[in-house]
Amino acid sequence: MISSVLPTYNRAPFSFVKGEGSWLIEADGRRFLDFGAGIAVNALGHANPALTKALTEQAGMLWHTSNLYQIPQQQVLADKLVDATFADTVFFTNSGTEACELAVKMARKYWYEKGDPARTEIITFSGSFHGRSAAGIAAAGSEKMTKGFGPLLPGFIHLPFGDHEAIAPAIHHDTAAILIEPVQGEGGIVPLPDQCLKGLRDLCDEHGILLILDEVQCGVGRTGKLFAHEWAGIEPDIMMVAKGIGGGFPLGCVLATEEAASGMTAGTHGSTYGGNPLGCAVGNAVMDVINTPAFLADVNRKAGLLRQKLEGLIAAHPDVFDSVRGQGLMMGIKCKAANSDVMQAGYDQHLLTVPAADNTIRLLPPLNITDEEIADAVDRLDKAAASLAV
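Converting from the sequence shown to this note's numbering requires adding 754 to each position, the first position being numbered 1.
Next up, the structure:
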């Protein structure tokens, strides 16, 4: 008999009832150190006082009006994002998946309005993940994402990740854009080197096409910059954002230049809940905390501490772990043992991690994790690895 909750998830056997900072508390009272943060969502941990205050104050005034009317909190957050980034304009969504849908529509509408409606193809890369909508799975293109869901949305050209020589020949008169994650998340925490991102920007400029960045997982301070592409010193034309921007409240957005967004006029896109007062109140509080030089500098300092400790961990358990990779507090450990076994051993030590492709576990702690909690997590991973080696 089918479950009343559609059984599309392989859930771990935990029922968390409370969160405190970097910790989750099970119904039976057990405390787990959370190095998944809701898959990079709880950027400021659980029950963060600033976010709780923003949400409860807004909840006491107004929850929802729809985008039929002006939403002051939305305007404030849009202004903050425009002031802090390359963007001239922002559209608010509820998720990264919705952000992907708009990014694809925006790129295609751009060329339609330019009088080139055949220019619809978007180049994407193996190992990518752009959500589970029709556009998202077609963009990723992997069998795991697409099997059984055909016919797929056409117009995506899939290239091997890291094959620089394949990109330029794939661009032709119907190419609208290149879509890529600066750091692949689901693909196994695979950063795109700065010089490669610069090369993609140059290539897009050379051919007059749009560069779309998916920073749903790697954005909002996760890599030690507000957005990961800043490390390469480049700017996209369109960018997808979600996860950390809401700190745990469903919120996403698409940022764009005025030029890239020029086709998106009244009536071309919409969202009933997107940019609602509750979500934007929390998003404003998130930005106020994360988008400061001191906070981002501390993310980088803690990232260095975590990487140093992980390198020592890997050296101590060469039969269990292979290597560490990532950027900022978006780390991945490629495993020699099955990553599912490593995760389970971590559960036994009351440590939560997240699986990814390429036999990797993701370490995505809250950005305000303490040094002591970093040391505690690595100690728990050490004990987990020791239990696997027996």
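Glycine included, C-beta positions come from ideal geometry on N, C-alpha and C.
Straight-line spacing of the CA atoms in Met-860 and Gly-1017 works out to 7 Å. If you draw a straight line from the Cα of Ala-766 to the Cα of Val-1108, it comes to about 11 Å. Contact between the segment 1019 to 1039 and the segment 828 to 838 is established, with three or more Cβ pairs separated by less than 8 Å. Where His-961 is concerned, the enclosing alpha helix (DSSP H) starts and stops at 948 to 961. Thr-847: member of the beta strand (DSSP E) spanning 843 to 847, first to last residue. Leu-1064 and Phe-1075 have their C-alpha atoms some 10 Å from each other. Residue pairing for Ser-880: DSSP places it in no beta bridge. Put simply, the segment 1043 to 1059 touches the segment 967 to 984. At least three CB pairs are less than 8 Å apart.
Under the three-pair Cβ rule at 8 Å, the segment 999 to 1011 does not count as touching the segment 1082 to 1095. For Gly-773, the enclosing beta strand (DSSP E) starts and ends at 770 to 774. Put simply, the backbone Cα of Trp-865 is about 14 Å away from that of Ile-932. The Cβ atoms of Ala-982 and Val-937 lie closer than 9 Å to each other. Here Asp-1125 really is in contact with Lys-1056; their C-beta atoms are around 7 Å apart, less than 8 Å. The beta carbons of Cys-854 and Val-944 sit no closer together than 9 Å. In this structure the segment 985 to 993 touches the segment 944 to 958; the number of beta carbon pairs closer than 8 Å is three or more. Rounded to the nearest whole angstrom, the CA to CA distance from Thr-929 to Gly-953 is 17 Å.
The C-beta distance from Gly-1001 to Leu-798 rounds to 5 Å, short enough to fall under 8 Å. Partner residues in the beta bridge of Val-937, as assigned by DSSP, are Pro-945. Annotated three-state conformation of Ala-1092 is coil, per DSSP. For Met-994, the uninterrupted beta strand (DSSP E) segment begins and ends at 992 to 995. Assigned with DSSP and collapsed to three states, Cys-1034 falls in helix. Ranked by Cα distance from Ala-920, the options Gly-939, Leu-816, Thr-878, Gly-904 are led by Thr-878.
The C-beta distance from Ala-924 to Leu-906 rounds to 18 Å, too long to meet the 8 Å contact threshold. Contact check for Thr-851 and Ser-887: beta-carbon distance about 5 Å, within the 8 Å limit, so the pair qualifies.
The three-state secondary structure of Met-1085, taken from DSSP, is strand. Of the candidates Lys-979, Ala-1140, Lys-772, Val-1053, the residue whose Cα lies closest to the Cα of Arg-784 is Lys-772. According to the DSSP assignment, Pro-1047 belongs to the alpha helix (DSSP H) that extends over 1047 to 1070. Taking every protein chain shown into account, the CB of Ser-849 has 16 or more other CB atoms within 10 angstroms, so this residue is buried. Ala-1129 and Pro-1120 have their C-alpha atoms some 14 Å from each other.
Apart from the 5 residues on each side of it in sequence, Arg-1079 sits with its Cβ closer than 6 Å to the Cβ of Ile-943, Gly-1086 in its chain, given in chain order.
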